[in-house]
Amino acid sequence: MAPSAGSVPSAGSAGSPDSASSAASGGSARPAVHTYWETTGATMAFTHPLDHALLERYVPRDARILDYGCGYGRLTAQLEELGYRDVQGVDPSAAMIERGAREHPGLTLTRQTALPLPFAAGSFDAALLFVVLGVVPGDADQNALVCELARLIRPGGVLYLSDVPLQDDERHSRRYEEAVAAAPYRAYGTFSTPDGGLFRHHRPEQLRALLAGNGFTVEEERTGTTATLHGHTTRNVQLVARRDAPAG
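When you read off a place in the sequence shown, starting at 1, and then add 390, the result is the number in the working numbering.
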C-alpha cells in the first residue's frame, strides 16, 4: 500500500494500546488503514523502484500477478507497460484506490479490507509486496499477510518484496531510540513522522525469517538506495523468494 521509508503504517503493533488490527476467528484478519493513507499519504508519490531485469528473470509475461498494497497503481501500471497483462492490484485504502482509478483508468485495482482475500489458493504465479511491511508494523499482522500471500501464490511461484532495513545513520538511530522510549511496546525500528506517519524498518534477517516461516525460500537479495516520501534518502532491500512445494 505504501511507499518508502519515512511514512506511516496501516496498523499499530500487535498487542499495543494503539493496535488497529484484529485477528478474527478462523484465521482472518482485518488490518485497519491508518488515517494517514486516507489523507496526507494518499497524495504522496511512491518511490521504491521496480527492477525490471530482476522481475523478468523470475516472472514470465504470461504470469498471473497480484500487486498487494498497490496504492494508486504505480507498479501495477508499470507491469502492464512491460507487457504483463494479467495483473491485479489490491489495497485496503479507499483514497488510494480512488486515486488509482483517476490516474490509471483501465487497471484492475480493487479495495480489499480483510484477509483472506477473495481469491482461490494458488491463483497467482507471482506477487509484489512493496513497502507494505514497513507500514504494517505489528508482527502478527505481518505474519497473517505473508501467510495469505503464501496461500495465493502457487508452489514454485515467487514473491518480490521491497522494503526498508534498519538505517545506521545518526538521524535514524536517534529516531529509533526516541520511539522506543516513547512506546516500548512497539518493535524496534518503528517510529512516527511529524506529519502523522507510522513506519517500521526491519533487520534483513527479520524479513528472511518471516518469509521462511511461511514457506518461501529467498532466491535473490539486493540492496540499493531510494528517496523517501519526505525528501530524504534511505537504503532499501529487495528480495525475490520462491514459494516452496508442499511437503510430500
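A virtual CB, placed ideally from N, CA and C, is assigned to each residue, including glycine.
As the structure is a computational prediction, the values presented were derived from the model and not from experiment.
>> By the three-class DSSP mapping on this structure, what secondary structure does Arg625 have?
In response: strand
> Counting only runs that start and end within the stretch 578-622, where is the alpha helix (DSSP H) found for 4 or more residues in a row?
Replying inline: 594-602
>> According to DSSP, simplified to helix, strand and coil, what is Gln522?
In response: The question names Gln, but residue 522 in the sequence shown is Val. Note: Val522 maps to coil in three-state DSSP.
> Hey, out of Ala467, His494, Gly496, Gly461, whose CA is closest to Val480's CA?
Replying inline: Gly461
> Can you name the start and end residues of the alpha helix (DSSP H) that Tyr566 belongs to?
Replying inline: 560-572
> Helix, strand or coil: which one does DSSP assign to Val449?
Replying inline: coil
>> Classify Pro508: buried if its beta carbon has 16 or more other beta carbons within 10 angstroms, exposed otherwise.
In response: exposed
>> By the three-class DSSP mapping on this structure, what secondary structure does Gly490 have?
In response: helix
>> To the nearest angstrom, how far is the alpha carbon of Asn523 from that of His494?
In response: Here residue 523 is Leu; the residue named in the question, Asn, does not match the sequence. For Leu523 and His494, the distance between alpha carbons rounds to 24 Å.
>> Using DSSP's beta-bridge definition, name the partner residues of Arg454.
In response: Asp476
>> My output table needs one value for Asp634: the three-state DSSP class, helix, strand or coil.
In response: coil
> What number of angstroms, rounded off, separates the C-alpha of Leu629 from the C-alpha of Tyr575?
Replying inline: 28 Å
> Among the residues of its own chain, which have a CB less than 7 Å from the CB of Gly417, if the five just before and after it don't count?
Replying inline: Residue confidence for Gly417 is low, a pLDDT of 41 falling below 50, so the modelled location carries little weight and cannot support an answer.
>> Considering only DSSP beta bridges, list what Phe436 is partnered with.
In response: In DSSP, Phe436 forms no bridge with anything.
>> Check whether the stretch 531-551 and the stretch 614-621 touch, using three or more Cβ-Cβ pairs below 8 Å as the test.
In response: no
> When the distance is taken between beta carbons, is Gly605 closer than 8 Å to Ala540?
Replying inline: yes
> If you compare alpha carbons, which of Ala484, Asp457, Asp634 is closest to Glu609?
Replying inline: Asp634
> Below 8 Å between beta carbons: does that hold for Ser552 and Asn626?
Replying inline: yes
>> For Glu446, tell me which candidate among Gly473, Cys537, Phe436, Thr580 has the shortest Cα-Cα distance.
In response: Gly473
> With distances taken between CB atoms, is the gap from Leu556 to Gly579 smaller than 8 Å?
Replying inline: yes
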